[in-house]
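According to numbering that gives the first Met the number 0, the residues represented by the sequence shown are 0 to 180, in order.
A virtual CB, placed ideally from N, CA and C, is assigned to each residue, including glycine.
Predicted model only: the values in this text are computed from it and were never measured.
Written below as structure tokens is the structure these notes are about.
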Amino acid sequence: MTDGQAGGSVGLLHGGGVVKIYIFIVAVMFASVANAQIFKCVGPDGAIAFSQVPCPPGGGESQYLGEVQRTVEPESSASVIERNLRAAEIMRGNNSQSGTGTKVTVVKDSSKSPTIGEIVRERMEQKRIRAENGIPEPEPSRKRVVTNCLTNGAYTNCFGSDGSRSTTIQNGNTSTTIGRQ
Numbered sequence: 000m001t002d003g004q005a006g007g008s009v010g011l012l013h014g015g016g017v018v019k020i021y022i023f024i025v026a027v028m029f030a031s032v033a034n035a036q037i038f039k040c041v042g043p044d045g046a047i048a049f050s051q052v053p054c055p056p057g058g059g060e061s062q063y064l065g066e067v068q069r070t071v072e073p074e075s076s077a078s079v080i081e082r083n084l085r086a087a088e089i090m091r092g093n094n095s096q097s098g099t100g101t102k103v104t105v106v107k108d109s110s111k112s113p114t115i116g117e118i119v120r121e122r123m124e125q126k127r128i129r130a131e132n133g134i135p136e137p138e139p140s141r142k143r144v145v146t147n148c149l150t151n152g153a154y155t156n157c158f159g160s161d162g163s164r165s166t167t168i169q170n171g172n173t174s175t176t177i178g179r180q
């Protein structure tokens with residue numbers, strides 16, 4: 000082994016190579032869990048082993064047992080909404096009995112993005128429920144937004160604590176701002 004080769008391996012370990020290797024190993028572990036297959040290997044001596052890869056040649060008999068099965072199915076959106084509405088009704092009944100106010104928030108299934116129509120219907124439903132129960136409309140939020148801006152040449156990128164973002168491009172005496180809420 001030459002000095003250049005030895006220095007290269009030491010540099011790999013000290014130059015962030017260990018971190019890259021660690022991240023790669025973690026990524027492989029998570030990927031293998033998501034796509035796990037099960038193989039049963041029976042060795043020549045009768046020993047049984049289960050593996051995620053087929054048995055090596057000469058390592059005995061290999062039997063494919065299939066994909067890993069989920070033991071619990073995720074709840075459907077309808078059942079989640081129904082359960083939350085039942086909880087809201089129970090809480091409403093408890094509020095009228097105890098005389099104290101409790102805020103109930105119904106959380107929908109977030110596995111898919113809502114359409115504009117669903118958002119409008121949800122807001123109308125919330126407004127109707129507030130009107131039926133005599134709950135006043137909430138005040139609009141006036142929370143403070145902290146903005147951080149970074150300038151690189153003619154470009155200025157600003158990021159707000161509320162998730163907003165804007166880019167300003169300076170071109171001579173003209174500036175153009177593109178924003179996103």
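Nearest-angstrom Cβ-Cβ length linking S165 and G152, presumed shorter than 8 Å
Not quite, the Cβ-Cβ distance comes to about 17 Å (not below 8 Å), so this is no contact.
Verify the contact flag: C148, CB atom, against every heavy atom of the ligand ZN, threshold strictly below 7 Å.
You won't find the ligand ZN in this model; it holds no ligand whatsoever.
Excluding five sequence neighbours on each side, which residues of the same chain lie with their C-beta closer than 7 Å to the C-beta of S50?
F38, C40
In whole angstroms, what separates the C-alpha of T175 from that of P139?
30 Å
Whole angstroms are fine: how far does the CA of T114 sit from the CA of E121?
11 Å
Which value, in whole angstroms, describes the spacing of the CA atoms of A26 and R141?
42 Å
Would you mind working out which of E131, I134, S160 sits nearest T146, comparing C-alpha positions?
S160
What are the partner residues of C54, as DSSP defines its beta bridges?
BP columns for C54 are empty, so no partner.
CB of V106 within 8 Å of CB of A87, strictly:
no
Using only CA atoms, which one of I168, P43, V17, E124 lies nearest to T155?
I168
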